[in-house]
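Undergrad: Here it is, the structure, as structure tokens.
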């Protein structure tokens, strides 16, 4: 039976989660009081400026995120990138912006409605943030459509694909085809809707594409205009291919038009007794942030299902409409949707550019795409031994998507079929649509294994999928846990308990990314397979904690949020600070998705002030200012935006010549450190540590896909002049191929277990 953990231990964990801070720990305070070195550190800290007191030392989270979307857009504008890859990047910027509005902007609007005026770490109130977001987003959207209209559409036409931008541009032959297509495939599906005194304004679903029209009766003297609309059906492909044409040079060229243009051309057939005075496609975005009272919910699954239904009908927070819209029509929409002027976007082109991802999938244009990398086998597993035997030989590092995700699937599948395996326990946050992991867990339960699965129902925009998976796993006989009240379980961990000749042995997979075989081909992530007894013991404690059995007093090697992770990271940063103050070498390298925790940022500023060299690779949000004199002159920040989505979290601390390396699921964000169950784990094997440090070093050398954070908060591409070109993603692809090839030629463990990087200059 599925459950949500509400035991005393789990409740304590939840209550402490948001408030736990290492420097508020009484035991830590007592220890510091007895420790002269700790006192000396505090004395020296007082000499350091109070960085936290000045909001200008921090960047607003939302504006930093918009900077990230500009970096993605820069890939769409880069003419050195294959044409169809540029389409993909532009589509991603549109998809990103949709989610940003549905969640982040929606949340700020909720704050304004609640008259919440407390400023953020950068000193901006919610309303001030909304004002700045609107200005920056309008500029971003203008740049999106400039890229589409002035660069991509002409380039596509030159390379054999013409997009008809408006139905008025159809040739006579094309118009006949489009009209016939409408009558046969589209007209029967449409539902025209009127709005007048007897018919209320139609309820418009979130993110749907619609066409609004102003109508005038053909007969009679009534000059009053009437409003009507029709939804563009999502069940019909939006990209419609027309008969091919021959270009000026006699070459065949494919022609496409968007479905809404065909519908708009045929609007008169939907309103036979009216003249169409004006018609314009439009699209609205609604507040999609779920509000769930977990403490009061009797059944979390049912409560989330109920809230999901409301997501389609939340407050309208954004309106996209054609730039040449009739002002009378816009006035009606603005009034009925209760939307402000700053949230109206006049679009010079087709609405919702996410359709470009479908265009990317059109067959016949492979020459305009990057040759896909084939994930390589793991050298340590390229032998006849089963996966458990190979793990017993030593820890195994996985680096996706350069190396295959198959070993992770095989780990769970082998456990499901191995008669010696007694139990499998796993956390699931996001999985693929036809997940082999889910199938393996169900098979394990069917084979009589004890299978426990924590399915995080609150994974945003995957709630419905996860509800379905939870029900399926329950029916298969798995023990399903929905998670801890008040916390999201974001950690990536699998525990396999196996009976062997010398007793019980625990095998563990820990990762930085989801158990999703689909995204594992697109996201860069790392993981480790191990049978380290101490990690196995910690893994058992994690699952006991999640199921509500107990809260461990201490951990052997794993560092778990929300109670322990923040304090541990701060202590490691401050250790480097103290070493720098003593004149010793001090160095921090860290890679993550986002950095926006004020306490961590302040600790990094203090470390920089003391002389610690800090090198950060942060893909997305960064609320830290880099390279500012007197604040962060020893900190550099780079963001890598490439063909794969950078997703791994890796942390390196020099530690006075005894480096410590960690990987995990958490970014340096308040939500990860305080409101989620996260796991950070050490990399201890010397060869694996060498490989992980190499990952950081290569990314810090990247001068092809890296954008450098400037002191003013903007980003600029790394200066490549006079340098050997280093594309970190391409180098990792090449290294994975070479390592696999070397392993195919030998069974020697010194080859399959020893990492040999290639020089960047050899690529």
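Numbering (this note's numbering), first residue to last: 1 to 763. Where a beta carbon is used, it is the ideal one built from N, C-alpha and C, also for glycine.
1. Kindly list the residues whose CB is nearer than 6 Å to the CB of residue 289, restricted to its own chain and excluding five residues on each side of it in sequence; keep chain order.
2. Could you check the C-alpha separation between residue 193 and residue 168 for me, to the nearest Å?
3. Report buried or exposed for residue 187, applying the criterion of at least 16 other Cβ atoms within 10 angstroms of its Cβ.
4. Are three or more beta carbon pairs between the region 265–280 and the region 429–440 nearer than 8 Å?
5. In terms of residue numbering, what span does the beta strand (DSSP E) encompassing residue 591 cover?
6. Could you give the uninterrupted runs of the alpha helix (DSSP H) lying entirely in the region 68–106, keeping only those of 4 residues or more?
7. Put residue 656 into one of helix, strand or coil per three-state DSSP.
8. Terminal residues of the continuous beta strand (DSSP E) containing residue 275?
9. Taking only three categories from DSSP, how would you classify residue 672?
10. Can you give, in chain order, each stretch of the beta strand (DSSP E) that sits fully within the region 348–428 and has at least 3 residues?
11. For residue 243, report the span of its beta strand (DSSP E) as first-last.
12. Whole angstroms is fine: what's the gap from residue 650's alpha carbon to residue 696's?
13. By alpha-carbon positions, which one of 159, 207, 366, 282 ends up nearest to residue 248?
14. Got a sec? Which residues, its chain only, sit under 8 Å from residue 752 by beta carbon, not counting five neighbours each side?
15. Residues in the same chain with beta-carbon distance under 8 Å from residue 754, minus the five sequence neighbours each way, listed in chain order, please.
16. Report the start-end ranges of each alpha helix (DSSP H) in the region 488–549 that is 4 residues or longer and not cut off at the edges.
17. Expressed to the nearest angstrom, what Euclidean distance is found between the alpha-carbon atoms of residue 499 and residue 416?
18. Report buried or exposed for residue 553, applying the criterion of at least 16 other Cβ atoms within 10 angstroms of its Cβ.
19. For residue 264, count neighbouring Cβ atoms within 10 angstroms of its own Cβ and tell me buried if that reaches 16, exposed if not.
20. Would you list the residues sitting across from residue 267 in a DSSP beta bridge?
21. Please determine, among 589, 658, 669, the residue with the shortest C-alpha to C-alpha distance to residue 599.
22. For residue 162, which beta-bridge partners are listed by DSSP?
23. Alpha carbon to alpha carbon, how far is residue 419 from residue 97? Give it in angstroms, no decimals.
24. Starting from residue 613 and walking both ways along the beta strand (DSSP E), at which residues does that stretch end?
25. Starting from residue 210, follow the beta strand (DSSP E) in both directions and report where the run begins and ends.
26. Within this structure, are the beta carbons of residue 217 and residue 148 separated by less than 7 Å?
27. Taking the beta strand (DSSP E) that residue 318 belongs to, which residues open and close that run?
28. By how many angstroms is the C-alpha of residue 447 removed from the C-alpha of residue 372?
29. Can you grab the Cα-Cα spacing for the pair residue 83 / residue 152, in whole Å?
30. Tell me, which residues are paired with residue 622 by DSSP?
31. Of all the options 673, 675, 677, 694, which has the alpha carbon lying nearest to the alpha carbon of residue 683?
32. On the DSSP letters alone, give me the boundaries of the alpha helix (DSSP H) that residue 228 sits inside.
33. Would you report the Cα separation of residue 227 and residue 323, rounded to the nearest angstrom?
34. Taking the alpha carbon of residue 522 as the reference point, which residue from 541, 471, 374 has its own alpha carbon closest?
35. Quick check on the DSSP output: the beta strand (DSSP E) that includes residue 717 runs from which residue to which?
36. What do you reckon, are the CB atoms on residue 784 and residue 393 nearer than 7 Å?
TA: So, from the data block:
1. The residue given as residue 289 occupies position 289 in the chain shown. Annotation for residue 289: 103, 106, 107 place their beta carbon closer than 6 Å to its own, counting only its chain and skipping 5 residues before and after.
2. As a first step, residue 193 is located in the chain shown; it is residue number 193 there, counting from the start. As a first step, residue 168 is located in the chain shown; it is residue number 168 there, counting from the start. Rounded to the nearest angstrom, the two C-alpha atoms are 24 Å apart.
3. Locating residue 187 in the chain shown gives position 187, counting from the first residue. Residue environment: residue 187 is assigned as exposed (fewer than 16 neighbouring CB atoms within 10 Å of its CB, all protein chains considered).
4. no
5. The sequence position of residue 591 within the chain shown is 591, counting from 1. Where residue 591 is concerned, the enclosing beta strand (DSSP E) stretches over 587–592.
6. 83–99
7. Here residue 656 corresponds to residue number 656 of the chain shown, with the count starting at 1. Correct three-state label for residue 656: helix.
8. Working through the chain shown from its first residue, we reach residue 275 at position 275. From DSSP, the beta strand (DSSP E) with residue 275 extends over 274–286.
9. Numbered from 1 along the chain shown, position 672 holds the residue referred to as residue 672. In the three-state reduction of the DSSP assignment, residue 672 falls in the helix class.
10. 396–400, 421–428
11. The residue you call residue 243 lines up with position 243 of the chain shown. Segment 239–246, the beta strand (DSSP E) holding residue 243.
12. Position 650 of the chain shown, counted from the first residue, corresponds to residue 650. Position 696 of the chain shown, counted from the first residue, corresponds to residue 696. Their Cα atoms are separated by approximately 8 Å.
13. Walking along the chain shown from the start, residue 248 turns up at place 248. The alpha carbon of residue 248 has as its nearest neighbour, out of 159, 207, 366, 282, the alpha carbon of 159.
14. Residue mapping note: residue 752 aligns to position 752 of the chain shown, counting from 1. The residues are 379, 380, 382, 383, 743, 746.
15. The sequence position of residue 754 within the chain shown is 754, counting from 1. Here residue 754 has 687 as same chain residues with Cβ atoms under 8 Å from its own Cβ, once five neighbours each way along the sequence are excluded.
16. For the region 488–549, whole alpha helix (DSSP H) runs of length 4 or above, ordered along the chain, are 533–546.
17. On the chain shown, residue 499 is found 499 positions in, with the first residue counted as 1. On the chain shown, residue 416 is found 416 positions in, with the first residue counted as 1. So the two alpha carbons sit approximately 14 Å from each other.
18. Position 553 of the chain shown, counting from 1, holds the residue named residue 553. Looking at its Cβ environment, which holds fewer than 16 other Cβ atoms inside 10 Å, residue 553 is exposed.
19. As a position in the chain shown, residue 264 is number 264, starting the count at 1. So residue 264 counts as buried.
20. As a first step, residue 267 is located in the chain shown; it is residue number 267 there, counting from the start. Under DSSP, residue 267 takes part in no beta bridge, so it has no partner.
21. Here residue 599 refers to the residue found at position 599 of the chain shown. Cα-wise, what sits closest to residue 599 is 669.
22. Working through the chain shown from its first residue, we reach residue 162 at position 162. Partner(s): 255.
23. Start at 1 with the first residue of the chain shown, and residue 97 comes out as number 97. Start at 1 with the first residue of the chain shown, and residue 419 comes out as number 419. Roughly 49 Å between the two C-alpha positions.
24. Here the question's residue 613 lines up with position 613 in the chain shown. Boundaries of the beta strand (DSSP E) harbouring residue 613: 613–618, taken from the DSSP string.
25. Taking the chain shown and counting its residues from 1, the one referred to as residue 210 is at position 210. Unbroken beta strand (DSSP E) run through residue 210: 209–217.
26. The residue you call residue 217 lines up with position 217 of the chain shown. The residue you call residue 148 lines up with position 148 of the chain shown. No, Cβ-Cβ distance for residue 217 and residue 148 is not below 7 Å.
27. Stepping through the chain shown from its first residue, residue 318 is reached at position 318. Taken as a continuous stretch (DSSP letters only), the beta strand (DSSP E) holding residue 318 covers 316–322.
28. Residue 372 sits at position 372 when you count from the first residue of the chain shown. Residue 447 sits at position 447 when you count from the first residue of the chain shown. In a straight line, the C-alpha of residue 372 is about 37 Å away from that of residue 447.
29. The count along the chain shown starts at 1 and reaches residue 83 at position 83. The count along the chain shown starts at 1 and reaches residue 152 at position 152. Taking the straight line joining both Cα atoms gives about 8 Å.
30. For the purposes of this step, residue 622 is taken as the residue at position 622 of the chain shown. According to the DSSP secondary-structure assignment, residue 622 is paired through a beta bridge with 595.
31. Taking the chain shown and counting its residues from 1, the one referred to as residue 683 is at position 683. Ranking 673, 675, 677, 694 by Cα distance to residue 683 puts 694 first.
32. Locating residue 228 in the chain shown gives position 228, counting from the first residue. Not the alpha helix (DSSP H): residue 228 falls in the beta strand (DSSP E), residues 226–231.
33. Here residue 227 is taken as the residue at index 227 of the chain shown, counted from 1. Here residue 323 is taken as the residue at index 323 of the chain shown, counted from 1. Those two C-alpha atoms are separated by around 19 Å.
34. Counting from one through the chain shown, the residue named residue 522 turns up at place 522. Checked all of 541, 471, 374; the closest Cα to residue 522 is 374.
35. Within the chain shown, the letter at position 717 stands for residue 717. Element bounds for residue 717: 715–717.
36. Outside the displayed range of the chain (1 to 763) lies residue 784, so it cannot be described from this structure.
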